[in-house]
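Taken in sequence, the protein lines are chains U and D.
So for the first sequence, the numbering used here puts the first residue at 21; every next one is plus one.
So for the second sequence, the numbering used here puts the first residue at 21; every next one is plus one.
A virtual CB, placed ideally from N, CA and C, is assigned to each residue, including glycine.
Protein chains: 2
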Amino acid sequence: MVVLREVIGSELRRRRQHQGRTLREVSSAARVSLGYLSEVERGQKEASSELLSAICGALDAPLSGILSDAARKVAVMERKDTMPQLVHTRMVLPKDVDSISYPRLRSGARS
Amino acid sequence: MVVLREVIGSELRRRRQHQGRTLREVSSAARVSLGYLSEVERGQKEASSELLSAICGALDAPLSGILSDAARKVAVMERKDTMPQLVHTRMVLPKDVDSISYPRLRSGARS
């Protein structure tokens, strides 16, 4: 199951780190506690709509951008969730690849 | 300020009504209380990530679709928030529109 708070949290963290800013700087600008912001970024706490807006404001990142990036990530995760057989399929080769024998083909050979 | 829970709530309600389903049907399918779903739809309660997933499942609507629709709505609201002077500007015309006079233009007239 896709957990939205984890996707949004990692998106917030990615943007903060991309700006080279610390948890302390952004939490102070957003007027939330450092511990709260850290928990939100790690997907351990649901951010209320008001605090999410405040964090977006502190990052100077529009909420719509965070949401559309999250939507793209969630879409990828949903595709993985619905196609487990493809995700977990591995091609199995013998350890000694040279030992594979192929049938010989001769030009003009009849089947 | 854009309140995300209101945008997501109205998106959930729009989809439920589009499917012609009642609060009772969807809350039962999602295994949440009717009152809780009603509050989430009206933007009065934050849905936890787990319950949002359950509601999306009950609506057979991928979370990614809800998020990208929400992102579009939020983008429109953000543009309104940052351009209040354009949103509230009205063109004022005199009541008797026929009384407006225009300068006459003659072909070949010099400026």
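| query | When DSSP labels each residue in this structure, what does residue 36 of chain U get in the three-state scheme? | reply | Residue 36 of chain U: helix per DSSP, three-state reduction.
| Pairwise C-alpha distance: residue 70 of chain U and residue 61 of chain D | C-alpha separation (whole angstroms): 17 angstroms.
| query | Under the three-state reduction of DSSP, which class applies to residue 95 of chain D: helix, strand or coil? | reply | Note: residue 95 of chain D maps to helix in three-state DSSP.
| Exposed unless 16 or more other CB atoms sit within 10 angstroms - verdict on residue 96 of chain U | Exposed, because fewer than 16 other Cβ atoms sit within 10 Å of the Cβ of residue 96 of chain U.
| request: On a CA-only basis, which of D:91, D:93, D:25 and D:21 is nearest residue 57 of chain D? Give me that one, please. | output: With respect to the C-alpha of residue 57 of chain D, the residue from D:91, D:93, D:25 and D:21 having the closest C-alpha is D:25.
| Buried or exposed: where does residue 55 of chain D fall if 16 or more other Cβ atoms within 10 Å of its Cβ makes it buried? | By the Cβ neighbour-count rule, residue 55 of chain D is exposed, with fewer than 16 other Cβ atoms within 10 Å of its own.
| task | Would you kindly check if the distance between the Cβ of residue 78 of chain D and the Cβ of residue 91 of chain U is under 7 angstroms? | result | No, they are not a contact pair.
| residue 59 of chain D, enclosing alpha helix (DSSP H) - first and last residue | Taken as a continuous stretch (DSSP letters only), the alpha helix (DSSP H) holding residue 59 of chain D covers 54-61.
| Are the beta-carbon atoms belonging to residue 73 of chain U and residue 98 of chain D less than 7 angstroms from one another? | Between residue 73 of chain U and residue 98 of chain D, the C-beta gap is not smaller than 7 angstroms, which leaves the two residues out of contact.
| field | Proximal chain U residues relative to residue 88 of chain D, where beta-carbon distance stays under 7 angstroms | value | Ordered by position in chain U, the residues that pass the 7 angstroms Cβ test against residue 88 of chain D are 88 and 91.
| Is the Cβ-Cβ distance between residue 93 of chain U and residue 27 of chain U less than 7 angstroms? | A contact, by the Cβ cut-off of 7 angstroms.
| request: Output yes if chain B places a C-beta closer than 7 angstroms to the C-beta of residue 98 of chain D; else output no. | output: Here the protein chains are U and D, and chain B is not one of them.
| said: Taking the beta carbon of residue 17 of chain U as the centre, do at least 16 other beta carbons fall within 10 Å, making it buried, or is it exposed? | reply: No answer is possible for residue 17 of chain U: it lies beyond the span of chain U, which begins at 21 and ends at 131.
| field | Nearest candidate by alpha-carbon position, reference residue 20 of chain D, set D:102, D:124 and D:32 | value | Given that chain D is displayed from residue 21 to residue 131, the structure contains no residue 20 of chain D and the question cannot be resolved.
| What did DSSP end up calling residue 45 of chain U once you bin it into helix, strand or coil? | Helix, per DSSP.
| message | Can you find the residues in the same chain that come closer than 6 angstroms, C-beta to C-beta, to residue 81 of chain U, ignoring five residues on each side of it along the sequence? | response | Taken in chain order, the residues that qualify are 35.
| message | Restricting to Cα atoms, I'd like to know which of U:67, U:38, U:41 and U:23 is closest to residue 52 of chain U. | response | Checked all of U:67, U:38, U:41 and U:23; the closest Cα to residue 52 of chain U is U:67.
| query | Does the distance from the C-beta atom of residue 75 of chain U to that of residue 50 of chain U stay below 7 angstroms? | reply | Going by C-beta atoms, residue 75 of chain U is nearer than 7 angstroms to residue 50 of chain U.
| said: Counting only C-beta atoms, is residue 83 of chain U closer than 7 angstroms to chain D at any point? | reply: For residue 83 of chain U, the answer is yes, since a Cβ of chain D falls inside 7 angstroms of its Cβ.
| task | Would you list, in chain order, the members of the stretch 47-65 of chain U that have their beta-carbon closer than 7 angstroms to a beta-carbon of chain D? | result | Listed in sequence order: no entries.
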